[in-house]
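> The opening residue of the sequence shown carries number -16 in the numbering used here; numbering runs sequentially from there.
Here a beta-carbon is modelled for each residue, glycine too, at the ideal position from N, C-alpha and C.
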Amino acid sequence: MKKILIIYTGGTIGMDYTPQGLMPVPGLFKSQIDTLEPIQDVQIDLIEYEQLIDSSDVKLEHWQRMIQDIADNYESYDGFIIIHGTDTMAYSASVLSFALRGLDKPVVLTGSQLPLVHRRSDGWNNLIDALFAANRSDLNEVAIAFNNKLLRGCRAQKVSTYRFFGFDSVDEEPLAEFGITINWFTKRWLKATRFSFAPVMPKPAKILDLSMRPGFTTDFIIETLNNVELDAIVLQTYGSGNIPIHNLALVAALKAAVARGVIIVNITQVIEGRVSNDYVSSCLHDLGIISGCDMTIEAALAKLLVLRSTGMSLANIKAAMSENIVGELTEG
Ligand code: ASP
């Protein structure tokens, strides 16, 4: 009999309506899923966190707990489902993607836009799809099951607050589509690594994202770049990775930060596509800035966080930021 562990952290799916608004209610998710017909030959166990959260409250400690719970139960289960709020699901999926090194089992995050107690909840579909995905013995990665699709965890982003189409991964095709039949696009799946499972516990770090906005924020960005406590920055640039290259104060501050040992990664703030060096304004390599290719902001932040926690050298982290580790970027 296959065994799947559901780790319930919170999120709308298990919330109920209160006079103050939607709120997680202990025990409610369990009482809802207990109404599901048992799936043949699959045993499902549940860990419910004592402090269920709206995922806007997710912190480093929550990621550490999720990683620890998966590590502690790794040998006893065939797959894992993490029930999570949608607001920060893409961040958690990205952190887990990098932290769960050597993963050779499915870890599927899901949640919903409407709580299970709502008659039209999308949670049932998402949960069942997550169960099917977590039951696959050839899925060796972290994924998000949402709105009839299985997306790579480190490529997915929340794209809607009100449609059931809550997540997308614009630069990467889905891993599966749940229609009348399920299309498992196994050719796109990560192969099991030859390394054994060795999770990394993320450690606190001062990593920030700075988004270029024309006309009014460059001075603040320069002030921030001059902050000596910074460990790393994800620079969200225009178009194909362009910055206002004629702003000499900005360029000087970027160079000075790199010289102090701050890792600066360039990603585009455009939804689809990647940074290139097609323009004078995007040739940031000379400034010591690393190309993040087509990584999402969630993936870039998570990758920096986890790589910094491994004890790798600065040079190796910098090199790895442009390399594909778990399908998070398209190299080249
Ligand atoms: N605010 C909720 C959360 O992220 C939204 C959701 O779950 O859909 O926990």
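Considering only their Cβ atoms, is the gap separating A54 from A126 smaller than 9 Å?
no
> Kindly give me the distance between the Cβ atoms of G85 and T176, rounded to whole angstroms, as I take these residues to be in contact under 8 Å.
5 Å
> Alpha carbon to alpha carbon, how far is T71 from K141?
8 Å
> Does DSSP put T200 in a helix, in a strand, or in coil?
Under the three-state reduction of DSSP, T200 is assigned to coil, being neither helix nor strand.
> Which whole-angstrom value is the C-beta distance of D105 and L133, which I expect to be below 8 Å?
About 15 Å; that fails the 8 Å criterion.
> Please return the same chain residues whose Cβ sits closer than 7 Å to the Cβ of A117, not counting the five positions on each side in sequence.
Answer for A117: I(-13), G62, F63, I64, P89 and V91, listed in chain order.
> Using a beta-carbon distance below 9 Å, is K174 in contact with chain B?
The chain labelled as chain B is not found in the depicted structure, where only one protein chain is given.
> Rounded to a whole number of angstroms, what is the C-alpha to C-alpha distance between T293 and V183?
In this structure, the CA atom of T293 is about 7 Å from the CA atom of V183.
> Kindly give me the distance between the Cβ atoms of I163 and V217, rounded to whole angstroms, as I take these residues to be in contact under 8 Å.
Not quite, the Cβ-Cβ distance comes to about 40 Å (not below 8 Å), so this is no contact.
> Following a CB-centred definition, is M49 positioned closer than 8 Å to any heavy atom of ligand 1?
no
> Taking just the CA atoms, how far does Q3 sit from G(-3)?
16 Å
> Three or more beta-carbon pairs under 8 Å between the segment 242 to 249 and the segment 206 to 214, yes or no?
yes
> Could you tell me the distance, in whole angstroms, from the CA atom of E20 to the CA atom of A139?
30 Å
> Quick one: which unbroken alpha helix (DSSP H) runs of 4-plus residues sit fully inside the segment 226 to 261? Chain order, please.
231 to 242
> Could you check where the beta strand (DSSP E) with S194 kicks off and where it finishes?
I190 to S194
> Which residues mark the beginning and the end of the alpha helix (DSSP H) in which M304 is found?
L297 to M304
> How long is the line joining the alpha carbons of D277 and P197, rounded to whole angstroms?
Taking the straight line from one Cα to the other gives about 22 Å.
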